[in-house]
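Peer 1:
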Amino acid sequence: MKKDGVTIQDAPKKNSIEVTEEHLQQLRYDPNSVWGYVEIHIEQGPVLEWVGFPLGVVKGIAGQTRLKASKVTMRGSQGHAGPVPMSMRHDLMAAAAEAIVLLESLCKHPQDFLSFDGQCKSYSLESLSTYSFVPLVRYRLGQVQVMLFQDR
Numbered sequence: 000m001k002k003d004g005v006t007i008q009d010a011p012k013k014n015s016i017e018v019t020e021e022h023l024q025q026l027r028y029d030p031n032s033v034w035g036y037v038e039i040h041i042e043q044g045p046v047l048e049w050v051g052f053p054l055g056v057v058k059g060i061a062g063q064t065r066l067k068a069s070k071v072t073m074r075g076s077q078g079h080a081g082p083v084p085m086s087m088r089h090d091l092m093a094a095a096a097e098a099i100v101l102l103e104s105l106c107k108h109p110q111d112f113l114s115f116d117g118q119c120k121s122y123s124l125e126s127l128s129t130y131s132f133v134p135l136v137r138y139r140l141g142q143v144q145v146m147l148f149q150d151r
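Heads up, the sequence shown is in numbering that gives the first Met the number 0, so the first residue is 0 and it goes up one at a time.
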């Protein structure tokens, strides 16, 4: 339903367009009669402009690669900001920020985290407040999956 309260079903009637089963059947076409599909679309990313092309032809759609986290556990400890020195803090937000940067780097450059035999290299994530996290990262079937963050 749109903001003005008109439903999709009511919109044609409101604009004096009669939609019947017969009209819809007239719009059908044989899929075998179509050899291709053309969609004129604005560029949604920076690539064409970056390479200096005014126009591009899409031959397919690129899928997204995502890390699938089955469980992410991060722990910190609460303390009063005044009397707890930085060196003694276990700041969850600082550790989470570092984890986000690590995961972003892993998504952008997975080859930097994997050896040539498809096994993961060992990485540990040290937070600014001396709290450590050891990411357990597995490489399976071409996908990098972050399985678990454990405190050391």
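No residue lacks a Cβ here, since even glycine has one placed at the ideal position from N, Cα and C. Being a predicted model, the structure only gives us computed values, none of them experimental.
Under three-state DSSP, which class holds D111?
Peer 2: If DSSP states are grouped into helix, strand and coil, D111 belongs with the helices.
Peer 1: Quick check on DSSP: helix, strand or coil for Q25?
Peer 2: Looking at Q25 - three-state DSSP - the assignment turns out to be helix.
Peer 1: Tell me the DSSP secondary structure of W34 in three-state form.
Peer 2: Note: W34 maps to coil in three-state DSSP.
Peer 1: Compare the Cα-Cα distances from A80 to each of R74, M73 and R88 and report the closest residue.
Peer 2: For the residues R74, M73 and R88, the minimum Cα distance to A80 belongs to R88.
Peer 1: With respect to the alpha helix (DSSP H) encompassing L47, which residues constitute its N-terminal and C-terminal limits?
Peer 2: It spans V46 to V50 - the alpha helix (DSSP H) in which L47 sits, taken as one unbroken run.
Peer 1: Out of P82, H22 and D3, which one is the CA nearest neighbour of K13?
Peer 2: The shortest C-alpha separation from K13 is found at D3.
Peer 1: Determine the DSSP secondary structure at E103, reduced to helix, strand or coil.
Peer 2: Note: E103 maps to helix in three-state DSSP.
Peer 1: Where do the ends of the alpha helix (DSSP H) carrying P84 lie?
Peer 2: Per DSSP, P84 belongs to no alpha helix (DSSP H) and is neither H nor E.
Peer 1: Between which two residues does the alpha helix (DSSP H) harbouring K13 extend?
Peer 2: Counting along the chain, the alpha helix (DSSP H) containing K13 begins and ends at D9 to K13.
Peer 1: Assign E97 to one of three DSSP states: helix, strand, or coil.
Peer 2: In this structure, E97 counts as helix in the three-state DSSP scheme.
Peer 1: Please look up how many angstroms separate the CB atoms of G78 and L91, rounded, as I've assumed it's under 8 Å.
Peer 2: Going by Cβ atoms, the distance from G78 to L91 rounds to 11 Å, so no, they are not a contact pair.
Peer 1: How big is the Cα-Cα spacing for L26 and P11?
Peer 2: Looking at the two C-alpha atoms, the distance is approximately 16 Å.
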